[in-house]
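Peer 1: Heads up, the sequence shown is in the working numbering, so the first residue is 12 and it goes up one at a time. Beta carbons are placed, not taken as given, at the ideal position from N, Cα and C, and that holds for glycine. Okay, handing you the structure first.
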Amino acid sequence: HQVDSFEQEFSAYCDCRHTIGVASGLDALKLILRALDIGPGDEVIVPPMTFAATANCIVYQGGTPVFADVDAETLLIDPVCVEQKVTKRTKAVIAVDYAGQPCDYDALRAITDRHGLALIADGCHALGATYKGKPVGAVADMTAFSFHPVKHITTGEGGMITTDSPDYADRMRRFRNHGISSDHRQREAQGSWFYQMVDLGFNYRMTDIQCALGISQLKKLPLWIDRRREIAAQYDAAFSTTD
Ligand SMILES: *Cc1c(COP(=O)(O)O)cnc(C)c1O
12 HQVDSFEQEF SAYCDCRHTI GVASGLDALK LILRALDIGP GDEVIVPPMT FAATANCIVY
72 QGGTPVFADV DAETLLIDPV CVEQKVTKRT KAVIAVDYAG QPCDYDALRA ITDRHGLALI
132 ADGCHALGAT YKGKPVGAVA DMTAFSFHPV KHITTGEGGM ITTDSPDYAD RMRRFRNHGI
192 SSDHRQREAQ GSWFYQMVDL GFNYRMTDIQ CALGISQLKK LPLWIDRRRE IAAQYDAAFS
252 TTD
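See the structure below:
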């Protein structure tokens with residue numbers, strides 16, 4: 012039951028109630044938009060400075076990505092631009108914690124509250140970062156992470172969603188597993204073979220083998236963050252000379 016264990020350890024690390032392990036960061040983003048029922052005619056605001064998957068997940072759902080520009084200094088989505096892009100069709104904002112820097116979540120939350128939008132984080136660059144003392148993963152309504160080999164920790168391929176909402180978590184778990192209302196472990200625990208397909212889902216599951224690796228990787232995360240900071244400091248020093 013390595014999947015459950017990895018999800019629990021990830022929850023503890025990110026200080027959030029629910030985690031859903033999936034096959035990739037893209038799948039994490041797709042499940043999030045699915046949980047929000049994004050569809051044709053709906054707009055989702057995203058920054059243009061990110062990996063392709065952040066906008067593609069909207070297109071998969073038939074929605075329309077609307078780009079809001081980034082701040083020239085931080086390369087993070089600019090809340091002023093976000094508010095300018097809000098229309099009657101806007102359903103959500105996806106903030107990208109670019110290069111490990113958390114976005115201005117207080118400003119973004121004020122906008123999403125004012126217009127009744129969901130606030131999503133693409134935290135694929137930012138596992139281990141904090142915003143005002145809260146781990147990335149506990150700030151937005153739902154946050155997507157990736158465990159592709161270039162990310163902070165890897166499971167070969169893989170991803171994770173964090174949320175405090177039991178409702179979103181249930182929907183995403185079902186959709187991860189063919190839209191079926193229980194998985195084989197729950198059926199084993201209940202001593203019953205009975206299950207129902209209640210939604211048209213996919214197979215976005217993470218495997219026990221990947222999760223076993225994820226558990227050992229999570230222990231090494233602090234060391235690797237330190238090492239990334241060392242390398243970043245070298246770049247900062249090398250490029251800070253004015254002459
Ligand atoms: C890596 C990454 C993704 C997608 O992750 P995959 O696991 O490759 O699908 C999405 N968004 C950002 C910002 C990323 O860096």
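What residues in its chain sit with their C-beta under 7 Å from that of residue 52, if we drop five residues either side in the sequence?
Peer 2: 100
Peer 1: Report yes if the C-beta of residue 30 is less than 7 Å from at least one heavy atom of ligand 1; otherwise report no.
Peer 2: no
Peer 1: Suppose you measure from the CA of residue 56 to the CA of residue 83; what does that come to, to the nearest Å?
Peer 2: The straight-line gap from Cα to Cα measures roughly 18 Å.
Peer 1: Per DSSP, what kind of secondary structure is residue 78 in: helix, strand or coil?
Peer 2: strand
Peer 1: Between the region 89–100 and the region 39–48, can you find at least three pairs of beta-carbon atoms closer than 8 Å?
Peer 2: no
Peer 1: According to the neighbour-count rule (16 or more other Cβ atoms, all chains shown, within 10 Å of its Cβ), is residue 109 buried or exposed?
Peer 2: buried
Peer 1: Check whether the Cβ of residue 64 lies closer than 7 Å to any heavy atom of ligand 1, and answer yes or no.
Peer 2: yes
Peer 1: Kindly indicate which three-state DSSP category residue 64 falls into: helix, strand or coil?
Peer 2: helix
Peer 1: With distances taken from CA atoms, which of 123, 142 and 48 is nearest residue 113?
Peer 2: Measuring from the Cα of residue 113, the nearest candidate turns out to be 142.
Peer 1: Could you give the C-beta distance for residue 159 and residue 36, rounded to a whole number, given that I count them as a contact under 8 Å?
Peer 2: Their Cβ separation, rounded to whole angstroms, is 6 Å, which keeps residue 159 and residue 36 in contact under 8 Å.
Peer 1: Distance, Cα to Cα, residue 194 vs residue 210?
Peer 2: 14 Å
Peer 1: Hey, could you find the ends of the alpha helix (DSSP H) residue 208 is sitting in?
Peer 2: Segment: none, residue 208 is in no alpha helix (DSSP H) and carries neither H nor E.
Peer 1: Which ranges would you report for the alpha helix (DSSP H) in the region 29–54 if only whole runs of at least 4 residues count?
Peer 2: 36–46
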